[in-house]
Structure formats: structure tokens, C-alpha cells
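Each remark here refers to the structure printed beneath this line.
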Amino acid sequence: MDDFRERAALSRRAFGSLALWAMIAAAAPLAAQTSGEPVYIGVSGPVTGPHAQYGAQWKQGFDLALEKINADGGIDGRPLDYIFEDSQNDPRQTIAIAQKFIADQKIAVEVGDFSSTSSMAASPLYQRGRLVQFGFTNSHPDFTKTGDYMWSNNVPQSEEQPLVARHVVEDLGMKKIALLYLNSDWGKTSKDLFAEAATGLGAEIVAEEAYLGDEKDFRATLVRAREAAPDGFVLVSYYNDAALIVRQIRDLGIDLPIYAAGANSPEFVSLAGEAGNGVHTVMNFAPMSPRPVVQDFVAAFEAEYGTAPSHFSAMAYDTFNLLAAAMRQYGTGREDIKDGLGKISGLESVIFPEVAFDPGTRRISSPAVTELVVQDGGYLPYSGPGQ
Amino acid sequence: MSDAILTATGITRRFGGITAVDGVDLHVAEGEFLSVIGPNGAGKTTLFNLISGQDRMDGGKVTLEGRDITNLSPHKMAEIGVARTFQHGRVFGNLTVMDNVLIGCHVRLKAARSRVPVIGPVLELGKALIQPRAVREEEEAMREEARAIIATFGERLAPRIDNPTYSLSYANRRRVEIARALALHPRILILDEPTAGMNESETAEMQEIIAGLKASGRTILLIEHKLNMVMQLSDRVMAMDDGKVISHGTPTEVRNDPKVIEAYLGHSSIGGARPAARDSAEPQEIITVGPAQGRIGRTGGAEA
Amino acid sequence: MESLSSLMAMPWLDYSISGLVIGSIYALMAVGLALIFGVANLINFAHGAVFTVGAYIGWTCLVGIGLPLGVTIVVVAAVSGAAGALIEWLAIRPLNRQSRIAPLLATIGVALVLDQIIHIVFSPTPRALSANIPDWRLQIGNGTIGAIDITIALTAILSAAALYAFLFRTKLGMAVRATAQDDDAAKQMGVNINAVNMTVFGIAGALGGIAGLLVGLYYNSIDPNASFQMMLKGMVAIVIGGMANVPGAIGGGLILGLIESWGIGLFGASYRNLFAFVVLLVMLLFRPNGIFSRGKERPAEPMTGTFVTQTKAVTLPKPLIWVLIGIAVILPMANMPYITQVMTNAYLYGLAALALTLVSGTVGLVSIGHAALVAIGAYASALLTTKGLPVSLGIVIGGAAAALLGTALAYPAFRLRGHYVAIGTLALGEIVSLVILNWEGVTNGALGVFAIPPLEIFGFPLYGTKASYWFVLALMLLMAGLQVRLLKSHLGRTWKAIREDTVAAETYGVASNYYKGLAFGFAGFTAGIAGAVTAHQWSFINYDSFNLLFSVLILTMAILGGLGNVSGAILGAILVAALPEMFRTLAEYRMLFYGAALIILIRFRPQGLLGSG
Ligand SMILES: Nc1ncnc2c1ncn2[C@@H]1O[C@H](COP(=O)(O)OP(=O)(O)O)[C@@H](O)[C@H]1O
Ligand SMILES: [Mg+2]
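Going line by line, the protein sequences match chains A, B and C.
Position one of the first sequence corresponds to residue 512 (my numbering), numbered consecutively onward.
Position one of the second sequence corresponds to residue 301 (my numbering), numbered consecutively onward.
Position one of the third sequence corresponds to residue 11 (my numbering), numbered consecutively onward.
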């Protein structure tokens, strides 16, 4: 199963482009539905450099979304398209790209960048240039605070972490929690919010260990955490760190329940291998959700790329659909989009059963999470203790 | 002895097992010319390194005009007027002849440098940026003087005054070194084998220049292998072997001292051969010792 | 008393085991680096990339094709060995007679190219790497040891034995050792230095590749972005073990692993790299020959005075400079905000490069920690202005803070030379960045500083792209002008004299530490205002805004333009900032071309485009 996935990944590129050709050919008769000058979304994100993996996942989501949107007639008959500028997730480049997009009247709305460092460096420019900066991966609590042109559908941790804490403390029964977190803006914010909520529910954080993003070996940290005699581990980690930590927890012979934020990515499952079994996580995006929107997306994604969609691909897919909906409903002018985003409501997306922005914070309100357990190379919905 | 301006007593320096300099006493009077001879490895260079501050001694004491200058750092030695050249030549390759000599003037810069504590560095930067008149005039005066010093080497250096010294011939680089030392206005001038690696006519020329320096009343310490030159120039000669002074007196006395003859015979040669060209990666090299036997040999000059 | 007993109660055995595990990985990296340093006097920055190549070749064999592990190891050794040899042949050998800095930069270029090739061929996503090794585990202390651990240890020991046999039992091995001792003597004895170098790069490559495979197996994960970090740890290990000392490198790796692990036990994982780099600095300052050498003295530093090639700098004719400045001034009139912004970035890079070219080129202290100065300036201004200080004042204070703090931090490194300065400053840069990350009370830690007020001069805001362009241009020209004036004064020749021969300069009364301090002070000011202006332009900075990559980039600019050359630094900055923009249409091939362009530039103009000043 794992091997199959790996081999598929090797040829993913070749496969992807083949599929694209096939698709273009198949879509030819439909393409007549859209005509005229395309409406452009400007994407600023990493195509090269150390974060290129995320840009690659974005593209998969974007392409799939465009296919669907344009098959449905685009934006009032005009095709939707995007221009992806490689920023390498480097703030020096995101600000140059911002200038490019702001000056380019073709661009209706901007999406990205990846990290808060690079996105927020460009925010003042977008704000002054009156172009919406839609940061779908930006969890930094201050991201949308630069001004009313900054929007994000990234789940606010202030809403998600209390849900996670309830799951961990009440469902999984952890009372003395060892907390490992990535020392980044996302990790730090999430950790603080989680700890606050968990202590509120009567649990105790007995160990709190920050680690750096390029860490590979967690044994010493885990020995330290184990010394605090926890009854469970909570990992505020990305999937690759989460996989490393989970494997090393099990290698050390520690047999405690684990909750891991990054375990919700399919890559986690293959990286963690056997050790991943029984790891708990929550997902905003639940691939096994019975909602047709989700099922269509997962099926289309697997058909096209041969792998299960990652969280980032799902976010990317959602973002384009959301923007398309706003443009269809409120127009493709830059101001139209800004105003439209505030008014959108009742839209169903892959991640959110219902999308609506809080016009004050310009973030999504009341997200839902699905609780999952990793099992045998896949996920099972969490179904009560003793599992 | 009472008129000695420089006195060294009991100077000792050990390197691991060997004692390179072993309880050497030395003194020079104002205007005197003292030569130190001895076979290769006798400890002459090490002795001079200790006196001029490039190396730290394990025992002994050095005074200059009664002031204790034992183990002073090299730049403080320069400040009080001790100038030396290096056995293997150490010019600043990427600097012009003029700039090399101007470095020799460094300790005499009054207007450009600043000795005020704390804000001194800011003042020195500030003055370098603003270039007030005093600084400009001082610089011009130093340049004038440097040109004069360079001119004492006749047509050898003057036409190349703005060339980087890496482009000069070996002999010319030795001349630049001496010019740089003179620019310091030294109380004591220490020359370590100034003619090493020079041919006969170059040696004769150098000897003439050194004789000129002596005639102008300078106090000079010389290490040299070419005995003819030592005999002609020196007021006094000191012979060393195995880190110790084995003979001491007038040139004739020392030359005829059987101990000296034996020391030289005991060793295969009187040395002073031009060092072979090799990279500077000597295993034993440390900062405090003249580096790079052959830093100079490596970049052959383009001119005669 | 109580704290002592709690110290005693810590599970030191478990920490030590985990330290040895990670330490043996560092050791694997370090062996190759030490071999190469021994014969080529070069820190091979591409070694990490070869490590990654090994990991991915291993993946292709094990997972892609399904070969058994034994065969895979052989294939990995062969391919990554060939990659190592190729690096020597293509990038190092042509630069043989150049200043030592040129090959260093070439290895950085090679690392870029190799990493990009991996990205393009295998996609940048980390992937699982598992071999069919039986899954039993043995309880030791509180931990376990499995078949995989034993396989890894065995492979590592066998590789070390093979290396030993090669070095001590074969003729070529003897030539390698002779060359490491004294390459000139070896040459005179008829040793073919080129063959030796190529062999050593090949062997180091093979070892690095095997290390990549083993580490991948160990963690069941390979990641194209891990290489640089690994290479850094290997470098710390060889400093601990004594640069060219191969057994020392193994010991150094293990010791580094132990120190890190114990440090984590005491203070937590966020400090892991802080320990590594503090250890590095302490070693450099107090035991520069490594802890296994008896002598206290620093070894002959082959690079003193030769970091800067002996060349005459190209002096741009005055009229041309004025024309170029004129073009720069009217550029925004073209109304291309994107170009304007790219050039503003280039000038900010230019400011930083000016500062670096002064300390690294003019004074000869090659720094790979330059980002620290920029970060200090940025943080000082950002933190003060968010608390209400006027921006123009903040920028000046940012410059002053970088000047003072930077000089104070670098002061202990002033007695280092050549490569050691480069490594020491790299460590300093990382330390500053980690302190910023961990010192939450002052710097806001990982969250960074947000809502930094925009640029203004004396109350006049510089919102527009053009206004900030002109401001930055003026700042850069002003600082460049000041630097030129300094270089023309007595300071210029004094600095260069220190670079050429510190001992001789000291002998002529130059207090070298004081003048190094002056250079660092002035450069720190320039770099600090570059950082401050950047912070106000971005409105948000964090500990990662000015990282190691940034330091390397600035060094690239200074070397490309010609170390010590003021107009060269600016030209280098413009090229390095603009080249990737020109390659933008190449999408994922962009950095590949950039790396290749870098290698070619160094190959044909190692002294820099405008020559060293
Ligand atoms: N830095 C050093 N380390 C070890 N030994 C040294 C060092 N410098 C000089 N020596 C040794 O000290 C002795 C005296 O050397 P030196 O003063 O150079 O002799 P001379 O100048 O008379 O030829 C020699 O045996 C030499 O090898
Ligand atoms: Mg000597």
C-alpha cells in the first residue's frame, strides 16, 4: 500500500501532465462555455526553495478548482485563470510580486504567500494598493490586522484549539499532558491557546517542549518529556515532524496516547508507518465526510494526481472556489471582491460546511472539526474511548 | 653600559623541548651598530622577535631608555620607536609601495588618529570622513616624507611608487620593507637578514644604504650571515649558537674567536640561502613568528 | 542541594544514548568534510547536497526499483561518489590557483544546483524511506534498540573500516595522507594532486551519500531540504575534532551529539542549535586545533592574506558612475512599480553588501553571519518605533545598535583568521537568530514584531514605491560615498594592511583589533540601517527574516562584485537580486539556472567582476 503510493508519487509529475492533456482534450467541447479575457487571480507562493513542496500542493488544488469552475461557465462566461509567481517564501520577493500584481490591472485578487514572514511583509503594499490579499495558509493571529484588504479562510486557532482541547481532555482522557510544539508563529499561538483551554478543562500541562523547524531527532526531548510522567502526548507539529516524533516516541517504548496536529495529512501516514497507528488528530478537511462536495473533490483529486489530497491542496481548492463564488455574486472588480467577501454566506466548501466571514476579523467563524484516528495506512472516524 | 638605550637581560624562550634562546644578555648604545651572527637555528630571529614584541619570552627583561618594555605588544613597541624588518620579508602585497611606507608612518599620525577613550573610535572615523584640514595636511606631509624615503633607494622604487608590491621583485620588496621601517622614525632599527636572497650587486647596494643609515647616526641591530658586510658595518658583534651567546666583542675579536669558528664548522653551512619557494603552510608556523618562508619567493616579480 | 539531587536524578543514560545516536549521524557527515578539508583546505558546502543525493538514490533503489539493501548501499556509494568526484572536477579544480574564497563559493553554487535537481526530479515533498528490515527491538535502559539501528551502526563501522584500509593500506591512500600533511612536499615527491583531490572528493561523496541513505532509513523520512542543516552540524563536528583530523571528526560528531542531548535535557530542544554553535565558538576561540590535539597553538592558517586575490581592481570611470546614478535616479519614472521594487530590494541588499565587503574584503574577515548585524538593526528599530519612537530616529538607533552590539559580539572572533573567521561568524549569526527566537520577553519570540510603522523621514511618510525607492537609493549612495572616503583615508590602507599581514601591521604600530573594531562598527552601522529600513518597509519581521541564507547571499554578492570593492558590492547586489527575477519565467528551473550562473561567474571571474579592492 505504501509502496504503491510512493511509486505513484515518483511519476506524479508525468502522470499529472498526462492527465492534464487528457482533460484538456475532454474539456474541449465544454471550453466553448467560457470566452473572452480571463479573470486572473495572482498567486504568490513558493515554487522553488525550501518550501516548494507547499507550492506544489497548492497548484494541485488550484488546477482542480479551475477545471471545475471553468466547466461551470467560469465567472459569468469569462474563464478564471491564475498567475503563479514564485516567491520562494522570501519576503523580499513577495513585496516585489505585490508591486507586480497591484500594478497589473488584470489581477482581480491576490492569494498567498505561504508563511507569515513573507505574507505580512507584503500586506502594507496590498493594503495601500487596494488589492485583496487572501492568505489561506496564514495562521498568524495578526495576519488580517494590517487592514481591511487582508482576508483569510485559515481556521483561526482561537476557535480550533478549544475544540482540540476538549477532544484531548474529555474524549481521550489526558489529564497530564506532555506538549511538544514547533517554535513558529503557528506553533506558539496554537500551543498557548491549547494549553489555556486544556487547563480550563482541568488538565495539567506537565511538560512543554518547543523545537525548531529543521529538527530531526527528538529522543532527548522525549526523554525529558517522559520524565514529567505524562499520561499522553500532544504534538503541535507539521506532518513531517509529527511523523518523526511519533516514531521516536514508539521507539523509546513509550506507549501513551498521542494527539498530533499534523497527523491529518496523508503524508503523515506513510512517513510514520506502523508507529502512526492509533494516533489521534482532527481535520477541518475530512476526506471521508459523506458530504457530496467533499466526495467529489476527493474522487477528482485521486483520479487526477493518484494520491489523496493533502490539507494544503484542499485549502487551495477551497480558496479558488470561494473567490470564484464571490466574483460570480459580487463582481470581478477589486473593490467588489473585497466587499463581496464580507457578504458571502451559506456557501458550502470542502473544508467548511458553511463559509461565512466575520467582517470584523476577516476570518472564518465557527469552524467544525472532524475527530480521527490513524489506522492501517488510513483514517477512521473517532468513535469513543477504548478505540 | 650606562649609555645603553636598549638593554636585554636573561632572555629565554622555549619551544616545547628546545630552548631557542637561553638567557641572552644584550645592550645597544645610542647610535651604535650591533650585529648578531650565528648559524641557522641559533636563535637570532627568535631573540629579535622577543625584543620587538612579536613573541613572548619565558624569562628575562628588556628596557628601553630605562623603561621596562618586556613583553609589550608589537604595536606598543612600534609606538615607542622599535622598528624591525623580517627575515623573509613581509610587505603588504596588495598595497602600493607608497601605502606600504605610509603604514610605517602610522604611529606618527597625530591628527588623523584619536587617543581619546570611549568616543575615540567615533572621532577617528569622523575625522577620516570629514578630512579636516589638519588631517589633510598631516597626510600630505607624510606622503612627502614617504616619497623622500623612497627616493633614497634611487631609481629602484621611485618609478614603481604606485604599483602594488606583489608586482615587485624580491629585492625591491626588501627595500620597501626597509623604507617602511624608516618611516616609523625608529629609535632602534632591527634588520633581520636584509640581504637574504639577494645577488651580489643587490647586496652591495643594500650595504651602501645600511652604511648610510649608520652614518646618519641611527641605532641599528642587524642579523646577517654575510660576514664581510658584518665586519665592515658593525661597531660590535655578538655570535650565538644553540640559543646562547658564544662570543661578543669587536668584529675582529669575534671573527677570530675559536668558539665562533667551531660553531660555524660544526654546522654544515653558514646558511642564509634563499628559501625555497613553497606554500606558507608550515606546520610549526604560529602568528608570532615570521611566516611564510617564501611568501616572497612565490610571487616572482615582473621586473628586474 | 535540592537542585543538585534533581540534577543527579536526571536520566543521563537515556540522554547519552540519544546523544550518541544523533552524534553518529553527525560523525558520518563530518568524516567526509574532514577528508576534504585535509587535502583541499576547503569547507565543502556541497557536502550536504551529496548527502541528499545519496538519500534519494537510496529511495530510488529501495522503494522505486525494489533492490535489496546491500545492493542499494553499493549503488548509493557509487553514484554519490561519482557526484563528489564530479564536483571536484567541474567546480573545484578549475579554481585551483585562485584565492581560497572562490572554491568555497563554488561549492555553495553546486549545493544550490544539486538541491534544485533533487527538487525537480523527486518533488520537494518529504517521503518515507523504509527497507525490509525485521522489526524487533531490544530494551536498553529506558529505550530500545532495533535491527535497523544495528544495520546502520554496522554499515557505518564497515565504511569507516574501508576508509581506514584505503588510507593506510593502499598507495593512493598514502598519497592522500601525504597531501593532507603538506601538499607542496607531496607534489615534489611526484604525487598527482589532482588525482588525490578527485579521489578524496569521491570518497567523501560516497560516505556522505551512504550517510544520507542511513539517516533516511533511520528516520523513515528523506527531505530535500535537510542537507544544509546536516552539513552545518558536520562542520561543527570537525571543528570539535580538529578540522582535518578524520578520527577526530568521528569523535567530534559524537561529542556534539552528546552535548546537544545533555543540553536538551537541561534546557529544552529549542536550544539545541544554540548549544551546537556556542560549542563551536568556544572551540574556535580556545581549542582551534580541536580537542584531540595536544598543542594549544593554532595551526598554520593557509588562507591568511590570500583570501583576496592579488589583482588590480577595475575602477569605473567617473562619468560612467554619474551616468549610472542618473539612470538609477530616473528609473522609477518608467512607472514600473515591480522593477522599482526589485531595485529597492537590490539597493537594500547593496547596503548590506557594502558593509560586508568592508569587513570581509577590505579587512579580510570573511563573515557568514552578516545577517546578524542586519537583524539587530531591524529589531532595534522595530521594537523602539512600535513603542512610539519616530521612525527616522529608530533607523539611526538601529544602525548604532548593530554597530555596537555587532562589534562587541564579533570582538572575540577578531583573533581568528581565514576559514575560522568564516565559521565563527556563521556561528555568531545563528546564535543571534536563536536568541531572537528564544528571548520572548524582548523580541516577541516566534511571533515576530508586527505593525512596524512605515518609512518616514522627519515626519514625512514615504508610502509610495517611488519615494521609498529614492530614499533607499540615496541611503545606499550616501553610505557608499562615505565608505569610499574612508578607504581613501589612512583607515583604508590600515585595514588592507591588516588583511594582508596582521603580524606585520601590528609590528608597524597598527592595533589590529581596534581597527577591526572600527571597520565592524562602520559596517555594522550600514548593515543595521539596511535592516531597519527593511523592517519599516515590511512592517513585520521575525527571527527568520534575516537567516543564514541571507548571509550567504550577501557574501555571494560581495564576492561576485570583487571583495573589498565598493562599486563591486553594489553591482553584485543588483545582479544577485535581479538574476532570479530574470529567470522568473523558468518557474521551478529558476534556482537551477541561478546556481549554474553563479558557478560560471566564479569559474571565469574568480576575483569578482570588478576585481578586489
Ligand atoms: N614557533 C616556533 N615553534 C617551534 N620552534 C621554533 C619556533 N620558532 C623558532 N623555533 C626554533 O627555535 C630555534 C631558533 O630558530 P631561529 O630563531 O629562527 O634561528 P635563526 O634565526 O638563528 O636561524 C630553531 O631550532 C627553530 O626551529
Ligand atoms: Mg633567522
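Here a beta-carbon is modelled for each residue, glycine too, at the ideal position from N, C-alpha and C.
For the region 366 to 377 of chain C, the set of residues with a beta-carbon nearer than 8 angstroms to any beta-carbon of chain B is empty. The chain-ordered list of residues whose CB is nearer than 6 angstroms to some heavy atom of ligand 2 reads Lys344/B, Thr345/B and Gln387/B. Rounded to whole angstroms, the separation of the alpha carbons of Ile608/A and Leu852/A is 23 angstroms. The DSSP-derived three-state label of Leu472/C is coil. Identification of residues in the region 510 to 521 of chain C having a C-beta nearer than 9 angstroms to some C-beta of chain B yields Glu510, Asp511, Thr512, Val513, Ala514, Ala515, Glu516, Thr517, Tyr518, Gly519, Val520 and Ala521, given in sequence order. Using a CB distance below 9 angstroms, the part of the region 730 to 750 of chain A facing chain C consists of Arg730, Ala731, Thr732, Leu733, Val734, Arg735, Arg737, Glu738 and Tyr750, ordered along the chain.
Residues of chain C with a Cβ closer than 9 angstroms to the Cβ of Arg758/A are, in chain order, Tyr229, Asn230 and Ser231.
Ile586/A is a Cβ neighbour of Arg839/A, given a cutoff of 8 angstroms. In summary, Ile318/B is exposed, with fewer than 16 beta-carbon neighbours lying within 10 Å of its beta-carbon over all protein chains present.
The beta carbon of Ala708/A sits closer than 7 angstroms to the beta carbons of Gln672, Pro673 and Ala676 from its chain, once the five residues preceding and following it are set aside; these are given in chain order.
With 16 or more neighbouring CB atoms inside 10 Å of its own CB, Met241/C falls in the buried class. By the Cβ criterion, the region 132 to 139 of chain C is not in contact with the region 79 to 90 of chain C, since fewer than three pairs of Cβ atoms, one from each stretch, lie closer than 8 angstroms.
Here the alpha carbon of Gly80/C sits roughly 49 angstroms from the alpha carbon of Asn664/A.
Close to Ala112/C, with beta-carbon spacing below 8 angstroms, lies no residue of chain B; the smallest spacing is near 16 angstroms. The beta-carbon distance between Ser34/C and Gly263/C, rounded to whole angstroms, is 7 angstroms. This is short enough to meet the 8 angstroms contact definition.
Rounded to the nearest whole angstrom, the C-alpha separation of Gly94/C and Arg147/C is 36 angstroms. For the pair Leu115/C and Ile564/C, the CB atoms are not nearer than the 8 angstroms cut-off.
One alpha carbon belongs to Val373/C, the other to Tyr816/A, and they sit about 55 angstroms apart. Counting only Cβ-Cβ distances below 9 angstroms, Tyr25/C has contacts in chain A at Arg730, Ala731, Val734 and Arg735, in chain order.
Look at Ser335/B here: in three-state DSSP terms it is strand.
Only Leu492, Arg495, Leu496, Ser499, His500, Leu501, Arg503, Thr504, Lys506 and Ala507 from the region 480 to 508 of chain C bring a Cβ to less than 7 angstroms from some Cβ of chain B. The residues Val373 and Gly374, in chain order, have a CB closer than 6 angstroms to that of Arg509/C in the same chain once the five nearest residues on each side in sequence are set aside. With respect to the 8 angstroms criterion, Leu465/C and Gln547/C are classified as neighbours on the basis of their beta carbons. Ranked by how close their Cα comes to the Cα of Asp193/C, the residues Asn106/C, Gly527/C and Met293/C have Asn106/C in first place. Taking Leu642/A as reference, the option from Ser627/A, Asp615/A and His651/A with the minimal CA-CA separation is Asp615/A. Secondary structure note for His327/B: its beta strand (DSSP E) is the uninterrupted segment Ile318 to Ala329. With fewer than 16 other CB atoms across the displayed protein chains lying within 10 angstroms of its CB, Asn142/C is exposed. By the Cβ neighbour-count rule, Gly469/C is exposed, with fewer than 16 other Cβ atoms within 10 Å of its own.
Taken through DSSP and simplified to helix, strand or coil, Arg509/C comes out as helix. When rounded, the separation of the alpha-carbon atoms in Gly359/B and Ile403/B is 31 angstroms. Using a C-beta cut-off of 8 angstroms, the region 530 to 538 of chain C makes no contact with the region 391 to 407 of chain B, since fewer than three inter-stretch Cβ pairs fall below that distance.
Contacts between Gln431/B and chain C, judged by CB atoms closer than 9 angstroms, involve Arg495, Lys498 and Ser499 in chain order. Taken atom to atom, the span from the alpha-carbon of Leu43/C to that of Leu782/A is near 29 angstroms.
In summary, Trp332/C is exposed, with fewer than 16 beta-carbon neighbours lying within 10 Å of its beta-carbon over all protein chains present. In summary, Met199/C is exposed, with fewer than 16 beta-carbon neighbours lying within 10 Å of its beta-carbon over all protein chains present. Assignment of Gly853/A by DSSP, reduced to helix, strand and coil, places it in the helix class.
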